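Numbering (my numbering), first residue to last: 90 to 339.
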């Protein structure tokens, strides 16, 4: 019995440390928003100066804007992550995952996929039961998975989006054609990090952490699957809505 008490205490302690970490990160993100906006304003003012319009200067300014944009996106995603982990604003209801995917086809992330020279391949199983989750959170979940897949995919490739039912769960799967991730690095993909923007706009580094927070609040699971020679699929399993299950009858 004492062993179980010790384990529970350790888990509680770790949870408190995680909560403290999130509060500190959230406070830090809030405090840098104002100076970040000022930095953007200063960059725009400098870019308007005629004497600074050289190719080298323009290239450096573009790089600076990308870095500032990455920091801004990280602060925005961190705010969403804190909101999702708290769960205070979530309103669970019966939602069809296939509906979420259909609605996504008119969203900014769908246009982002097309602008990146990628094709979306959809595989949506018919007649699936709804899941019990917040509709806006599910939209956000899909957006995060698509953003990650677009960033990893080579131009001209495909991003696969599937919804199906298996093992008593409703599955949402998003796959890309990017390079496989080393097995030892897979668990680290859920960590809260800030991504290097590199030479083009990209993810904040919080996409999968945010996705996991949404899935956890919905009582589901999120898995990563590597494929050879290329490809990574993020698979989300959510339980069917109990309301729908109770209406089925014998």
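Ideal Cβ positions, reconstructed from N, Cα and C, are used throughout, including at glycine. All figures in this text were calculated on a predicted structure; none of them were measured in a lab.
- The secondary-structure analysis by DSSP pairs residue 260 across a beta bridge with 253 and 326.
- Taking a cut-off of 8 Å on C-beta distances, the region 218-228 does not touch the region 157-166, as fewer than three cross pairs fall below it.
- Taking the Cα positions, residue 309 is about 44 Å away from residue 149.
- Here residue 247 carries a strand assignment [DSSP, helix/strand/coil].
- Counting only residues of its own chain and dropping the five nearest sequence neighbours on each side, residue 327 has a CB closer than 6 Å to the CB of 220, 259, 307 and 309.
- Shown here, residue 310 sits in a strand according to DSSP, grouped into three states.
- Within a 10 Å sphere around the beta-carbon of residue 301 sit 16 or more other beta-carbons, which makes this residue buried.
- In this structure the region 240-258 touches the region 211-218; the number of beta carbon pairs closer than 8 Å is three or more.
- Under the 8 Å Cβ criterion, the region 191-209 counts as touching the region 239-246, having at least three qualifying pairs.
- Between residue 278 and residue 297 the beta-carbon gap is near 5 Å, inside 8 Å, which marks them as a contact.
- When DSSP states are grouped into helix, strand and coil, residue 177 belongs to the coil group.
- Counting along the chain, residue 273 sits inside no beta strand (DSSP E), nor does DSSP assign it H or E at all.
- Per DSSP, reduced to three states, the secondary structure at residue 217 is coil, with no helix or strand assignment.
- Comparing C-alpha distances from residue 319 to each of 269, 169 and 176 shows the shortest one belongs to 269.
- Residue 182: member of the beta strand (DSSP E) spanning 182-184, first to last residue.
- With 16 or more other CB atoms across the displayed protein chains lying within 10 angstroms of its CB, residue 199 is buried.
- DSSP places residue 126 within a helical segment (H, G or I) once states are collapsed to three.
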